[in-house]
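Residue numbers (our numbering): 643 to 897.
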């Protein structure tokens with residue numbers, strides 16, 4: 643007699659590849675140095691303006707929220723930083739609400755205070771009209787509020803991996819700057835990140851995996867420590883790099 647198939651949650655069965663990836667990233671074992679380096683850049687802006695809150699737009703798995711709790715919460719620095727999230731996927735939003743509490747959910751009618759650092763970490767490449775999306779957030783931000791944006795870099799590197807994850811484009815540094823300026827932001831700086839990972843992008847472009855896997859790799863603690871040492875150092879020197887696998891921009895809402 644054949645074994646009875648395990649019943650599956652219909653929501654899980656209908657997840658997009660991006661939702662599947664983000665759901666897997668809830669597991670701390672799936673976190674990588676690459677994520678931590680980006681979160682460090684958000685934390686630097688928090689310290690720069692003595693922000694009282696971080697708004698995670700397109701929060702996905704909520705990894706940034708765990709980072710804020712563990713590194714910017716009570717007992718860290720001048721004062722605890724509050725984490726808020728905004729997520730358009732009902733599946734991911736439900737997961738975030740269970741993990742952080744419904745009070746952390748950012749309301750659709752709320753404005754972003756000047757004491758907030760908003761983060762859009764690898765989000766706008768998933769949006770067809772990126773300028774319109776950024777402008778809608780700019781219109782809700784009070785003068786002085788900061789925005790940290792990261793996106794995948796180099797359009798020539800666009801591959802099946804990007805298509806599977808629902809990317810519309812990759813960015814150059816000039817394109818990222820002009821996109822933010824078109825949305826009404828003042829761009830404080832715009833740089834390439836992770837130049838040391840360029841060979842991996844070339845491999846993904848020209849030697850793609852046959853199974854089209856979009857999962858994040860699981861790295862050992864030793865590899866994560868080594869990767870963080872290299873990538874955090876290159877991030878501190880990011881003004882020098884003519885290319886990288888990501889672009890990071892820091893922008894500000896002005897009056």
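Note that beta-carbon positions come from the ideal geometry of N, C-alpha and C, so glycine has one too.
Quick caveat, the model's predicted, so the values are computed rather than measured.
Residue i, buried or exposed, once every other Cβ within 10 Å from all chains shown has been counted against 16
i           : result
residue 836 : buried
residue 867 : exposed
residue 677 : buried
residue 663 : buried
residue 679 : buried
residue 865 : exposed
residue 875 : exposed
residue 887 : buried
residue 804 : buried
residue 778 : exposed
residue 767 : buried
residue 775 : buried
residue 749 : exposed
residue 706 : buried
residue 895 : buried
residue 877 : buried
residue 842 : exposed
Distance, residue j Cα to residue i Cα
i           : j           : result
residue 854 : residue 761 : Caution is warranted here: a pLDDT of 48 is assigned to residue 854, below 50, making its placement in the model unreliable, and the coordinate value is therefore given only provisionally. Using only the alpha carbons, I get a separation of about 28 Å.
residue 890 : residue 656 : 32 Å
residue 732 : residue 771 : 21 Å
residue 686 : residue 844 : 30 Å
residue 651 : residue 661 : Because the pLDDT of residue 651 is 48, which lies under 50, any placement of that residue in the model is unreliable, and the number read from its coordinates should be weighed accordingly. Residue 651 and residue 661: Cα-Cα distance of roughly 14 Å.
residue 753 : residue 783 : 6 Å
residue 698 : residue 704 : 8 Å
residue 671 : residue 861 : 8 Å
residue 751 : residue 744 : 15 Å
residue 852 : residue 897 : Residue confidence is low: residue 852 scores 46 on pLDDT, short of 50, so the model does not pin down where it sits. No coordinate-derived value is stated.
residue 763 : residue 673 : 15 Å
residue 734 : residue 667 : 11 Å
residue 808 : residue 797 : 14 Å
residue 840 : residue 863 : 22 Å
Cβ pair residue i, residue j closer than 7 Å
i           : j           : result
residue 885 : residue 847 : no
residue 693 : residue 759 : yes
residue 659 : residue 806 : yes
residue 729 : residue 701 : yes
residue 765 : residue 824 : no
residue 681 : residue 869 : no
residue 893 : residue 789 : yes
residue 756 : residue 787 : yes
residue 881 : residue 826 : no
residue 740 : residue 695 : no
residue 834 : residue 883 : yes
residue 829 : residue 815 : no
residue 723 : residue 688 : yes
Residue interval of the beta strand (DSSP E) (run including residue i)
i           : result
residue 792 : 788-794
residue 829 : 828-835
residue 660 : From DSSP, residue 660 is part of no beta strand (DSSP E) but of the alpha helix (DSSP H) over 659-666.
residue 759 : 758-763
Residue i - containing alpha helix (DSSP H), residue span
i           : result
residue 820 : 815-824
residue 741 : 732-742
residue 896 : Per DSSP, residue 896 belongs to no alpha helix (DSSP H) and is neither H nor E.
residue 802 : 802-806
residue 772 : 772-780
residue 624 : For residue 624 there is no data in the structure shown, the boundaries of the chain being 643 and 897.
residue 864 : 863-878
Proximity test, residue i beta-carbon vs the ligand HEM heavy atom, cut-off 6 Å
i           : result
residue 777 : The model depicted lacks the ligand HEM and carries no ligand whatsoever.
Notebook entry, point to check: Considering only residues of the region 682-728, which uninterrupted beta strand (DSSP E) runs meet the minimum length of 3 residues and lie entirely inside it, listed in chain order?
Noted result: Taking only runs of at least 3 residues, the beta strand (DSSP E) segments lying wholly in the region 682-728 are 695-699, 724-728.
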